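Chemist: Top line first, the protein sequences correspond to chains A and B.
Mind the numbering: the first sequence is residues 160 to 421 in this note's numbering, read in order.
Mind the numbering: the second sequence is residues 160 to 421 in this note's numbering, read in order.
2 protein chains.
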Amino acid sequence: MSPLPSGLLGDLDPTSDRAVFRQIADQLREAIDRGRFKEGEKLPSEAELVDHYGVSRMTVRNSFSILQGEGLVHAEHGKGVFVRPRPPVRRLASDRFARRHREQGKSAFIVEADAAGSHPQVDSLEVKEEKATQDISARLGSVRRVLARRRRYLLDGRPVEFATSYLPLDIARGTQIAEPNPGPGGIYARLEELGHRLDHFEEEIRARMPSPAEVKTLRLASGVPVIHLIRTAFDTEGRAVEVCDTVMAADAYVLSYQLPAT
Amino acid sequence: MSPLPSGLLGDLDPTSDRAVFRQIADQLREAIDRGRFKEGEKLPSEAELVDHYGVSRMTVRNSFSILQGEGLVHAEHGKGVFVRPRPPVRRLASDRFARRHREQGKSAFIVEADAAGSHPQVDSLEVKEEKATQDISARLGSVRRVLARRRRYLLDGRPVEFATSYLPLDIARGTQIAEPNPGPGGIYARLEELGHRLDHFEEEIRARMPSPAEVKTLRLASGVPVIHLIRTAFDTEGRAVEVCDTVMAADAYVLSYQLPAT
DNA sequence: CACGCGTACTCGTATAGACGAGTGGGCAAG
DNA sequence: CTTGCCCACTCGTCTATACGAGTACGCGTG
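1) Shortest alpha-carbon distance to residue 313(A) belongs to which of 289(A), 211(A), 376(A), 199(A)?
2) Counting only Cβ-Cβ distances shorter than 9 Å, please list the residues of the segment 359-385 of chain A near chain B, keeping chain order.
3) Do the CB positions of residue 412(A) and residue 386(A) come within less than 8 Å of each other?
4) Grab the span of the alpha helix (DSSP H) containing residue 185(B) for me, first residue to last.
5) Measuring CB atoms only, is the segment 355-372 of chain A touching the segment 382-399 of chain B, in the sense that at least three cross pairs come out at less than 8 Å?
6) If you check the beta carbons only, do residue 197(B) and residue 232(B) fall under 8 Å apart?
7) Given residue 277(A), which residues of its chain have a CB within under 6 Å of its CB, disregarding the five upstream and five downstream residues?
8) So, under 8 Å CB-CB, residue 353(A) and residue 326(A) are touching, yes? Tell me the CB distance rounded to an integer number of Å.
9) Hey, how far is the Cα of residue 403(B) from the Cα of residue 181(B)?
10) Mapping DSSP to helix, strand and coil, what is residue 327(A)?
11) List in chain order: all unbroken alpha helix (DSSP H) runs of 4+ residues lying wholly within the segment 184-241 of chain B.
12) Taking buried to mean at least 16 other C-beta atoms within 10 Å of its own C-beta, is residue 350(B) buried or exposed?
13) Does chain A have any CB closer than 8 Å to the CB of residue 292(B)?
14) Name the chain B residues whose beta carbon is nearer than 9 Å to that of residue 256(A)?
15) Assuming contact is defined by CB atoms lying nearer than 8 Å, are residue 361(B) and residue 390(B) in contact in what I supplied?
16) Let me know the secondary structure DSSP gives residue 413(B) once reduced to three states.
17) The alpha helix (DSSP H) with residue 270(A) in it runs from where to where?
18) How would you write the range of the alpha helix (DSSP H) that residue 296(B) sits in, first residue to last?
19) For residue 167(B), would you say it is in contact with chain A, using Cβ-to-Cβ distances shorter than 8 Å as the test?
20) What is the rounded straight-line gap between the Cα of residue 226(B) and the Cα of residue 188(B)?
21) Which partner residues of residue 361(B) appear in the DSSP bridge assignment?
22) Since residue 214(B) contacts residue 179(B) with CB under 8 Å, what's their CB separation in whole angstroms?
23) Run down chain A in chain order and give the residues with a C-beta less than 9 Å from the C-beta of residue 232(B).
24) Could you check if residue 342(A) is buried or exposed, using at least 16 other CB atoms within 10 Å of its CB as the buried criterion?
25) Name the DSSP beta bridge partners of residue 314(A), please?
26) Which residues does DSSP pair with residue 336(A) in a beta bridge?
27) Quick check: what's the CA-CA separation for residue 271(B) versus residue 245(B)?
28) Does the beta carbon of residue 348(A) sit closer than 8 Å to a beta carbon anywhere in chain B?
29) Can you list, in chain order, the residues of its chain with a C-beta nearer than 7 Å to that of residue 371(A)? Leave out the 5 residues immediately preceding and following it.
30) Taking Cβ to Cβ, would you say residue 301(B) is nearer than 8 Å to residue 401(B)?
31) Establish whether the CB of residue 240(B) and some CB of chain A are separated by less than 8 Å.
32) Go ahead and label residue 184(B) buried or exposed: buried means 16 or more other beta carbons lie within 10 angstroms of its beta carbon, across all protein chains shown.
33) What does residue 229(A) touch in chain B if you count any residue whose Cβ is under 7 Å from its own?
34) Below 8 Å on C-beta distance, what does residue 409(A) contact in chain B?
35) Give the straight-line distance between the Cα atoms of residue 192(A) and residue 166(A), rounded to the nearest whole angstrom.
36) Between residue 202(B) and chain A, is any beta-carbon pair separated by less than 8 Å?
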């Protein structure tokens with residue numbers, strides 16, 4: 160195994176009170192930031208760093224685990240540790256639910272993805288009636304049971320979003336909303352046909368680390384947070400007619416809103 | 160050292176192909192989720208878990224480090240590992256920049272915090288002219304130099320947000336906007352007085368893991384992402400008159416938007 | 001040429017031990 | 001009673017070692 164090119168990474172400062180594994184992480188992080196290691200490029204192997212710094216393997220692994228936690232690098236078993244490429248992001252504009260878009264038939268997701276030149280997919284469709292959680296019930300105005308529509312969105316084969324829509328049974332039962340395919344314009348178009356003219360939406364946004372289940376369904380790398388968006392749709396009578404709970408891979412999204420200054 | 164109460168945590172499954180440290184993390188996570196360990200409560204010490212499961216200390220520490228990465232627990236040197244309390248969150252409504260709020264004098268942050276019964280603070284105020292980054296320049300319409308206003312917001316002593324406003328020099332230089340205290344209603348009120356009647360705002364939202372510098376200024380615990388919000392203010396002539404770059408501790412915020420269905 | 005196998009290199013998991021440093025309680029000296 | 005010290009317990013850091021398992025590549029065989 161050949162030694163590291165000199166100058167690529169510095170030396171440790173034994174007088175520093177900064178832990179060795181942090182110093183190593185700092186140096187690697189800086190090298191990445193400066194572009195000495197480019198996106199997708201392989202970092203020196205654990206063994207090489209052990210030799211270079213003269214520390215034990217666990218110490219090097221500790222350094223890597225810091226960088227992984229920051230979402231800067233990812234390890235591939237049998238291959239090495241690589242600089243994580245920043246994937247191109249998808250923008251969700253705040254007017255994506257405007258009526259004019261709805262009238263064109265295709266879903267917002269498909270339209271946006273096509274425009275960006277990506278290949279969109281929707282899978283794990285599940286539509287069923289279930290008991291409302293306390294939170295959903297409160298948002299929908301004290302309903303006990305709801306129709307839940309679950310689906311996962313993929314872009315070029317990569318899962319990017321998992322969403323569940325909840326609708327009061329008295330609205331959705333027996334309509335096309337309860338079918339796997341809600342038809343052109345999606346459930347919002349159906350709701351309007353049913354006489355629930357939409358007035359406005361409320362969106363709540365949080366960011367947090369994913370649960371293990373979310374890591375699995377969204378195939379998230381370590382160090383990638385999720386954006387949790389809860390949208391409530393209100394009709395012109397002020398009634399909440401739908402709650403949509405969406406969990407997005409944060410590295411795949413930029414949300415974009417336009418607000419009046421009035 | 161007394162053994163763990165039986166039944167609190169289960170046993171390992173040696174036949175499972177799930178790594179031991181992951182099984183331990185799973186059991187602890189489940190116990191937390193079920194409320195067997197409450198917010199702020201101390202988990203069993205590393206030594207107790209070593210005894211309970213019959214594994215080495217590094218294995219237990221690995222488990223803890225998973226949970227730390229998920230933001231579920233935090234360790235305190237000399238004391239133990241504790242379930243992280245979910246701090247009360249600050250809600251940011253999308254109409255917080257409405258003109259009617261601006262006319263009352265106090266800044267939005269102070270008003271909201273007072274209403275919530277918390278003690279708000281603003282510090283590390285810095286106002287200076289500087290060279291615009293490429294991104295800021297593009298957003299402001301190709302300006303070279305800008306006025307930058309930096310400040311950090313704290314709630315009950317805890318830093319929750321770090322924000323920088325950028326304004327074109329031809330607008331801000333020599334005005335009260337260039338003073339540390341921009342006066343009642345903040346810089347938006349001053350901008351309108353200067354003839355830049357505000358028309359609308361654009362907000363871009365991302366979530367990601369913090370840089371080490373952000374961890375420091377916001378005193379972030381491990382496993383807490385940041386929300387990165389970039390707001391651009393446009394006047395009625397369509398000119399971008401301000402860009403505000405905000406980094407928020409994600410565990411302290413819920414953003415809330417209201418969108419018309421038109 | 002095509003296939004299969006071995007081998008070297010990679011990261012993943014786990015053990016055992018050592019020392020350091022922060023915290024808190026008890027105990028002894030004043 | 002108060003003060004100060006010691007000690008037990010906690011997590012933090014680091015070393016050394018071992019074996020497992022995924023990957024890539026070259027070489028030999030058919």
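Glycine included, each C-beta is placed from N, C-alpha and C at the ideal position.
What you are looking at is a predicted structure, and each value in this text was computed from that prediction instead of being measured.
Modeler: With the given structure in hand:
1) 376(A)
2) 359, 360, 361, 362, 363, 364, 365, 366, 367, 368, 369, 370, 371, 381, 382, 383, 384, 385
3) yes
4) 179-192
5) yes
6) no
7) 314, 315
8) Contact doesn't hold; Cβ gap of about 11 Å is too wide.
9) 42 Å
10) strand
11) 205-212, 216-228
12) buried
13) no
14) 418, 420
15) yes
16) strand
17) 267-274
18) 293-299
19) no
20) 7 Å
21) 417(A), 391(B)
22) 6 Å
23) What residue 232(B) touches in chain A: nothing, since even the nearest Cβ is about 12 Å away.
24) exposed
25) 279(A), 317(A)
26) DSSP, once it has assigned bridges, lists no residue as partnering residue 336(A).
27) 20 Å
28) no
29) none
30) no
31) no
32) buried
33) 368
34) 365, 366, 367, 384
35) 16 Å
36) no
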